[in-house]
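S.K.: Below you will find the structure I want to go over with you.
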Amino acid sequence: KAGVTQTPRYLIKTRGQQVTLSCSPISGHRSVSWYQQTPGQGLQFLFEYFSETQRNKGNFPGRFSGRQFSNSRSEMNVSTLELGDSALYLCASSDPGQGFYGYTFGSGTRLTVV
Amino acid sequence: ILNVEQSPQSLHVQEGDSTNFTCSFPSSNFYALHWYRWETAKSPEALFVMTLNGDEKKKGRISATLNTKEGYSYLYIKGSQPEDSATYLCAPTTGNMLTFGGGTRLMVKP
Numbered sequence: 001k002a003g004v005t006q007t008p009r010y011l012i013k014t015r016g017q018q019v020t021l022s023c024s025p026i027s028g029h030r031s032v033s034w035y036q037q038t039p040g041q042g043l044q045f046l047f048e049y050f051s052e053t054q055r056n057k058g059n060f061p062g063r064f065s066g067r068q069f070s071n072s073r074s075e076m077n078v079s080t081l082e083l084g085d086s087a088l089y090l091c092a093s094s095d096p097g098q099g100f101y102g103y104t105f106g107s108g109t110r111l112t113v114v
Numbered sequence: 001i002l003n004v005e006q007s008p009q010s011l012h013v014q015e016g017d018s019t020n021f022t023c024s025f026p027s028s029n030f031y032a033l034h035w036y037r038w039e040t041a042k043s044p045e046a047l048f049v050m051t052l053n054g055d056e057k058k059k060g061r062i063s064a065t066l067n068t069k070e071g072y073s074y075l076y077i078k079g080s081q082p083e084d085s086a087t088y089l090c091a092p093t094t095g096n097m098l099t100f101g102g103g104t105r106l107m108v109k110p
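Right under this line is the structure:
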């Protein structure tokens with residue numbers, strides 16, 4: 001069974017640009033969550049999608065957005081990039097009936113804003 | 001927003017030592033507590049999900065306990081090995097999101 005796939009693995013963007021990151025969950029998993037990891041703040045929750053609907057959103061500015069497609073793949077978008085957006089972005093998938101038993105994380109996308 | 005604290009922040013032990021870490025979280029509105037192991041350059045790996053007060057879980061040399069009334073969980077590693085070197089994260093869940101603690105970074109010297 002394929003794991004959670006995130007693309008791209010690495011990305012360098014210029015301040016002010018926008019970026020789109022992709023996450024393909026484990027087959028059959030309908031919930032996709034996104035997290036940001038920075039050295040100073042640790043792992044922080046961005047948002048969670050289930051069946052194309054955002055169910056939860058973390059404390060991030062509106063520049064951070066996401067969506068989920070009918071095949072459960074999810075994208076997150078960051079507009080007007082700032083230097084502070086440089087981070088590792090992780091997504092995790094679960095079957096809500098089994099999220100009780102843990103989330104499976106992807107390897108992440110390392111975003112560097114210069 | 002939950003306040004989740006883990007201690008210690010980092011730990012250096014010798015191979016063969018046993019060790020334990022603490023995760024503290026608000027005891028109200030508790031749903032479940034997750035433990036993850038995160039090795040450098042890899043994805044966080046789920047270790048345990050615990051829900052009931054007094055829960056004890058074990059996976060090989062690693063075990064965890066949960067006290068929901070006082071809001072803490074302990075993770076134990078018996079006979080640490082160099083391959084146990086990683087950051088150990090705890091995360092209580094509320095709804096459909098994980099709130100991570102800062103993690104305990106464990107380094108096991110051969």
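So the protein lines, in turn, are chains A and B.
Residue 35 in the numbering used here sits at position 35 of the first sequence; the count goes up by one each step and never skips.
Residue 11 in the numbering used here sits at position 11 of the second sequence; the count goes up by one each step and never skips.
We put the beta carbon where it would ideally sit given N, CA and C, even for glycine.
Do the region 84-92 of chain B and the region 25-36 of chain A touch if we need at least three Cβ pairs shorter than 8 Å?
M.R.: No, the region 84-92 of chain B is not in contact with the region 25-36 of chain A.
S.K.: A:Phe47 lies in the beta strand (DSSP E); which residues open and close that run?
M.R.: Counting along the chain, the beta strand (DSSP E) containing A:Phe47 begins and ends at 42-50.
S.K.: I'd like to know whether the C-beta of A:Leu83 is nearer than 9 Å to at least one C-beta of chain B.
M.R.: No - not a single Cβ of chain B is within 9 Å of the one on A:Leu83.
S.K.: Could you please give me the residues that DSSP links to A:Tyr35 through a beta bridge?
M.R.: Note: A:Tyr35 sits in a beta bridge opposite A:Phe45, A:Leu90.
S.K.: For B:Met107, go through chain A and note every residue whose CB falls closer than 7 Å to its CB, in chain order.
M.R.: The contacting residues do not exist; B:Met107 stays about 17 Å from chain A at best.
S.K.: Count the C-beta pairs between the region 7-19 of chain B and the region 62-77 of chain A that are closer than 8 Å, then say yes if the count reaches three, no if not.
M.R.: The region 7-19 of chain B, when compared against the region 62-77 of chain A, does not touch it at the 8 Å Cβ threshold.
S.K.: What residue does the beta strand (DSSP E) around A:Ser74 start on, and which one ends it?
M.R.: Start and end: 74-78.
S.K.: Ignore the nearest five residues each way along the sequence and tell me which others in A:Pro8's own chain have a CB closer than 7 Å to its CB.
M.R.: Excluding residues within five positions, the ones whose Cβ falls inside 7 Å are Thr109.
S.K.: Just tell me which of B:Ser10, B:Leu2, B:Glu5, B:Asn3 has its CA closest to the CA of B:Thr104.
M.R.: The shortest C-alpha separation from B:Thr104 is found at B:Ser10.
S.K.: Is there a Cβ of chain A sitting closer than 9 Å to that of B:Gly95, yes or no?
M.R.: Taking Cβ atoms only, chain A reaches closer than 9 Å to B:Gly95, which makes this a yes.
S.K.: Using a Cβ-Cβ cut-off of 9 Å, state whether A:Tyr89 counts as contacting chain B.
M.R.: By this cut-off, A:Tyr89 is not an interface position.
S.K.: So that I know if they touch, is there some Cβ in chain A lying closer than 9 Å to that of B:Pro92?
M.R.: Not an interface residue.
S.K.: Do A:Ala92 and A:Val4 have their beta-carbon atoms positioned less than 9 Å apart in this structure?
M.R.: Contact flag set, yes.
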